[in-house]
Amino acid sequence: MKQIIKNGRVIDPANKIDKIEDILIEDGKIAEIGENLSSDGAEVIDATDKVVVPGLIDMHVHLREPGQEAKEDFASGTRAAAAGGFTTIATMPNTKPVVDNAAILRSLKKQAEDTGIVHVEIIGALTKGQDGNELAEVGDMALNGAVAFSDDGHYVKRAKTLLNGFDYLRAFDKIIINHDEETSLVEEGYMNEGHKSAMLGAKGRPTVAEDIAVMRDIMLAEYADARVHVAHISSARAVEIVREAKKRGVKVTAEATPHHMTMTDECVDLRDSATKVNPPLRSQADVDAVVKGLKDGTIDMIVTDHSPHAEEEKDVEYALAPSGFPGLETSLGVVLTELYHKKKINLSTLVSKMTAEPARIFSLNGGTLSKGSTADVTIIDLNKEWTVDEKKFYTRGTHSPFVGMKLKGKAVLTMVDGKVVMRDGKILEI
Amino acid sequence: MEKSTVSMRGKHILGLENFSPAEIKLVLATAKEMKTIIHRDIKKVPALRGKSVVTLFYEPSTRTRTSFETAGKYLGADVVNITSGTSSIVKGESLRDTLLTVEAMGFDAIVMRHKEEGAAEFATKVVKHPVIINAGDGAHAHPSQGLLNLFTLLEHKGHLKGLKVAIIGDILHSRVARSDIWGMRKMGIEVHLAGPKTMLPRFLYQEPNIFVHDRIEDAIKDADAINVLRIQLERQKAGLFPSKREYARIFGLNDERLALAKKDVLVLHPGPMNKGLEISPYIAYGDNSAIQEQVQNGVAVRMALLTLTLTGGKESEANH
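In order, the protein sequence lines correspond to chains A and B. With the first letter of the first sequence counted as 1, position 247 gets the number 247 in our numbering; the numbers rise by one all the way through. Numbering-wise, our numbering comes out as the position in the second sequence, counting from 1, plus 430.
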């Protein structure tokens, strides 16, 4: 089977390509990329005036299986991913039970094959039950295909446990992804500690909780000469700490979310838990620092931290609602609207942070349109104007702070292994 | 009462940040009239006859709940009380469903107290018909307390603009402090805050027109009034202050500190008091104390709030 994507502006940061080209796909692989390729015998996908990029990758997603299917499952979550232009997503292990052994991991891989429509990578727990004490069977999970390890949702409180993780995982060349907020400083908090929380009487989560956690993890990784990845960085000082560590040669990488690049704690409205998230929405200075960090390479990739919850869980008093909201279906639109169209960061840098960079850092298939690579492709209409409507979400999650927002730019086609799974926002069920 | 063009009919009472100075004045003027009813032999007027009020309290309370209930009854409203311990809340019913349940029974006002900040705001999103009156939501707001403090100050001082008020103690966890900050500033009062630094919100200094001090003596100096906040004993366990003894010694209101204020300083306390801890018993029951009056004024202010929100007050009632 042959397909050809014609006349699109191809941006493939891994190969430093940004020009109008055709892409020929045969049997689920990129067969040829070049100008005016012959479309003989091929199904033609017209990409005129569109941007063609490697399928987007999101290394921080909560698919909630097993155990929390009211929030999301592999079927709904991968459809949300495809709708948002993602072809590979990595799911976090803070499920019920926690993904802390190879048996669960293998069952999830099977589940992804059976019910998912995009590639799913599984992140294993660093510690048993994510309790921060004993290491989980990370070696066994690594041998069974875990992409990385994380106690995401929890800070690894015991420094010794994390140091053990760094040392032990050296043999497997796997990265530890850390949720960095020092626990005792954020225990009751549900929004950024700042002027707004002071006047609301809201319990705060200070930036210093993140700063000292990022600093500690970097110091430990440096000491162990290990790789560490800072999840959803949100504080200006933490960005500075990562920047400085990178200069020193520490093997640290970092990710940031669209909400931490665009929204501040001024958005918090206690009537709706949509803005409740960990780390919390910060100040404008923090938002500016995250954007600067993306631009100068301190922050390597954009992730959603897609954290869907069931409607009945989110539709309660703000302080009682679980933290997090869905992001897969809004990420690209938000990034294009707020960073590309507002000329803060150029397009190829943004594409790189959603494709080539995560693929390189986590050694994934994909993230490029090189000849011979898997035909995971996303076609983007940069100028499509749309309004975020949670009724149209494929995710089960509701209460996104982006609901109602007018965005410019959207994925219009998602192809996984040469198969079109989304066209014009609609999932194609086959 | 001067004729007001302001109407508060149907207004949710969530926090004093949502009040205009004209609305605050209207409440204070209405409360003054209401207070005369409390002094009558027959304490019943038909202003709210046929109206129904439910108090929905998720936290223990003596004075606020009783005060709202009494206010409603003096005005002829039917008042029903729900407390969390004796309702379906113990069966795990959500706030949303509890609100919908009482709305379906036709209540005109829901007076609610909740331990979480923003619970009253959340309630306005859930119900359509009833007015929501926030009787305290976490550390966020306690608007009727803020208003009764203003009323008490006005009665004693004859004016509000230009007064200097010190609020001392646990500002961090105090909804009373926040309602005072909003309400007092809107009426031209200079607000000074002090307490242990562990219980002063770190970023409060970014708020314009309030004065935050490290030492309570600096806040009290030349004050026209001092509002002493309750210190909750569990704050000691959380490590926010070392001991009751030390708190009393360094942050308690005693005669020596009181002498720093103006001679006719008025002492307020939202209650319940820890006498000997945040306030000396001699001051609590002394000549400068308005603490008992505050309780009575609380009933008057709540009568005003219920009347104004449910009927719009006398003026608009006459027009209907």
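Cβ coordinates follow ideal geometry from the N, Cα and C atoms, glycine included.
Asked, Found
"Roughly how many whole angstroms lie between the Cα atoms of Pro-93 of chain A and Ile-104 of chain A?", "10 Å"
"For the alpha helix (DSSP H) containing Gly-613 of chain B, list its first residue and its last residue.", "605-616"
"Around the Cβ of Lys-196 of chain A, are there at least 16 other Cβ atoms within 10 angstroms (buried) or fewer (exposed)?", "buried"
"Taking the alpha carbon of Met-199 of chain A as the point to measure from, which residue in B:Ile-646, B:Arg-645, B:Lys-627 and B:Ala-607 has its own alpha carbon closest?", "B:Ala-607"
"From what residue to what residue does the alpha helix (DSSP H) around Asp-211 of chain A run?", "207-224"
"To the nearest angstrom, report how far apart Gly-480 of chain B and Ala-507 of chain B are at their CA atoms.", "6 Å"
"Quick check on the burial criterion: 16 or more other C-beta atoms within 10 angstroms. Buried or exposed for Asp-312 of chain A?", "Checking the displayed sequence, the identity of residue 312 of chain A turns out to be Glu instead of Asp. Result: exposed."
"In or out: Glu-429 of chain A buried (at least 16 other Cβ within 10 Å) or exposed?", "exposed"
"Which two residues bound the contiguous alpha helix (DSSP H) that contains His-195 of chain A?", "195-200"
"Can you list, in chain order, the residues of its chain with a C-beta nearer than 6 Å to that of Asp-685 of chain B? Leave out the 5 residues immediately preceding and following it.", "none"
"Are the beta-carbon atoms belonging to Val-98 of chain A and His-306 of chain A less than 8 Å from one another?", "no"
"In the DSSP assignment, what residue or residues form a beta bridge with Leu-24 of chain A?", "A:Ile-4 and A:Glu-32"
"Determine, using beta carbons only, whether Met-263 of chain A comes closer than 8 Å to chain B.", "no"
"Using C-beta distances below 8 Å, list every residue in its chain close to Glu-747 of chain B, excluding the 5 sequence neighbours before and after it, in chain order.", "Its pLDDT being 44, under 50, Glu-747 of chain B is placed unreliably in this model, and the coordinates cannot settle the point."
"Is there a C-beta anywhere in chain A that falls below 8 Å from the one on Glu-551 of chain B?", "yes"
"Could you check whether the Cβ of Ala-319 of chain A sits closer than 8 Å to any Cβ belonging to chain B?", "yes"
"Specify the secondary structure class of Ser-482 of chain B as computed by DSSP and reduced to three states.", "strand"
"Could you check what DSSP says for Met-733 of chain B in three-state terms: helix, strand or coil?", "helix"
"Taking the alpha-carbon positions, what's the Ala-571 of chain B to Leu-630 of chain B distance?", "16 Å"
"Hey, could you find the ends of the alpha helix (DSSP H) Thr-87 of chain A is sitting in?", "Premise fails: Thr-87 of chain A lies in the beta strand (DSSP E), 86-91, not in any alpha helix (DSSP H)."
"By how many angstroms is the C-alpha of Val-118 of chain A removed from the C-alpha of Ala-81 of chain A?", "7 Å"
"Can you find a C-beta in chain B that's less than 8 Å from the C-beta of Arg-205 of chain A?", "no"
"Quick one, which residues of the segment 503-528 of chain B are near chain A if we go by CB-CB under 9 Å, in chain order?", "Ser-524, Leu-525 and Arg-526"
"May I ask which residues mark the beginning and end of the alpha helix (DSSP H) holding Glu-311 of chain A?", "311-314"
"State the CB to CB distance for the pair Lys-29 of chain A and Ser-373 of chain A, rounded to an integer number of angstroms; the pair is presumed to be in contact (CB under 8 Å).", "7 Å"
"What residue range is occupied by the uninterrupted beta strand (DSSP E) comprising Ala-596 of chain B?", "594-598"
"Taking the C-alpha atoms as reference points, what is the distance between Ala-550 of chain B and Leu-444 of chain B?", "6 Å"
"Using a Cβ-Cβ distance under 8 Å, would Leu-634 of chain B count as near chain A?", "yes"
"Quick one: complete alpha helix (DSSP H) runs, 4+ long, within the segment 607-684 of chain B?", "646-650, 664-667 and 674-681"
"Counting only runs that start and end within the segment 40-112 of chain A, where is the alpha helix (DSSP H) found for 4 or more residues in a row?", "74-83"
"List in chain order: all unbroken beta strand (DSSP E) runs of 3+ residues lying wholly within the segment 298-369 of chain A.", "none"
"Using 8 Å as the threshold, is the C-beta distance between Ala-431 of chain A and Arg-216 of chain A below it?", "Past the edges of chain A, shown from 1 to 430, lies residue 431 of chain A, and the structure says nothing about it."
"Helix, strand or coil for Glu-181 of chain A? Go by DSSP, reduced to three states.", "coil"
"Run the CB neighbour count on Pro-13 of chain A, radius 10 Å, all protein chains shown included, and call it buried at 16 or more, exposed below.", "buried"
"Report yes or no: is there a C-beta of chain A within less than 8 Å of the C-beta of Gly-397 of chain B?", "An answer regarding residue 397 of chain B cannot be provided, because it is not within the stretch 431 to 750 covered by chain B."
"Nearest-angstrom Cα distance between Glu-244 of chain A and Ile-57 of chain A?", "27 Å"
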